[in-house]
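Undergrad: Quick one: this structure, given as structure tokens, is what I'll be asking you about.
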Amino acid sequence: MDQKLELILKKLSSLESGQKELNQKFEALESGQKELNNKFEVLESGQKELNNKFEVLESGQKEMKQRLEVMGSGQKELGQIVRAIRDRSEETTATKIDALSMDVHHLHGEIAGVKEEIKDLRNGVIFVNRKVADAELEINMMKQSKNQ
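Here the sequence shown is numbered in our numbering, starting from 1358 and rising by one per residue.
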């Protein structure tokens, strides 16, 4: 009877140590889960930051489009003025024509600068889109590895 009791106590002790080991492994899993959650929150925060930056870029692009429209209408108006001056060139002096020509060249230079800024903004938007896609890919990969 003592042997059976000893055997039962040994098995109980073995079960207790196994239970402790399982508890430790479970705690390690919980810790890993918390770490993954923290990393996911960091990624979400980064995603939000990228979205905010993208919105700023879009806003800047809209502003640049508006400026370009204003400059386009200004250029159209300027073209009308140039045609009117050409029609009345007999009435104008060479000095006035030279001054207007310089204004036209200045506006063309500004338009070229605006076009270059728009090109730079588009490149920035493309860059941000790529970064967002990379972040989304990384998030999806983390989700897949989490689900496995």
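Don't be surprised by glycine CBs; every beta carbon is placed ideally from N, CA and C. This one's a predicted model, so the numbers in the text were calculated from it and none came from an experiment.
Would you check if the distance between the CB atom of M1421 and the CB atom of I1475 is smaller than 8 Å?
TA: As a first step, residue 1421 is located in the sequence shown; it is residue number 64 there, counting from the start. As a first step, residue 1475 is located in the sequence shown; it is residue number 118 there, counting from the start. For M1421 and I1475, yes; Cβs fall inside 8 Å.
Undergrad: Please give the ranges of any beta strand (DSSP E) in the stretch 1424-1495, keeping only runs that are unbroken, at least 3 residues long and fully inside the region.
TA: Segments of the beta strand (DSSP E) lying fully in the stretch 1424-1495: there are none.
Undergrad: If you reduce the DSSP assignment to three classes, tell me which class M1498 lands in.
TA: Position 141 of the sequence shown, counting from 1, holds the residue named residue 1498. Correct three-state label for M1498: helix.
Undergrad: Would F1397 and V1485 be called neighbours here (beta carbons separated by less than 8 Å)?
TA: Counting from 1 along the sequence shown, the entry for residue 1397 is found at position 40. Counting from 1 along the sequence shown, the entry for residue 1485 is found at position 128. No, they are not a contact pair.
Undergrad: How close, in whole Å, do the beta carbons of A1418 and L1478 come, if the pair is a contact with beta carbons under 8 Å?
TA: Locating residue 1418 in the sequence shown gives position 61, where the first residue counts as 1. Locating residue 1478 in the sequence shown gives position 121, where the first residue counts as 1. According to the sequence displayed, residue 1418 carries Gln and not Ala. Correct: roughly 5 Å between the Cβ atoms.
Undergrad: In whole angstroms, what separates the C-alpha of Q1505 from that of E1384?
TA: One-based indexing of the sequence shown puts residue 1505 at position 148. One-based indexing of the sequence shown puts residue 1384 at position 27. Near 19 Å, if we compare the C-alpha coordinates of E1384 and Q1505.
Undergrad: State the DSSP-derived secondary structure class of M1421, mapped to helix, strand or coil.
TA: One-based indexing of the sequence shown puts residue 1421 at position 64. The answer is helix: DSSP assigns M1421 an H, G or I state.
Undergrad: Going by beta-carbon coordinates alone, are L1400 and G1431 separated by less than 8 Å?
TA: Position 43 of the sequence shown, counted from the start, is the residue given in the question as residue 1400. Position 74 of the sequence shown, counted from the start, is the residue given in the question as residue 1431. Going by C-beta atoms, L1400 is not nearer than 8 Å to G1431.
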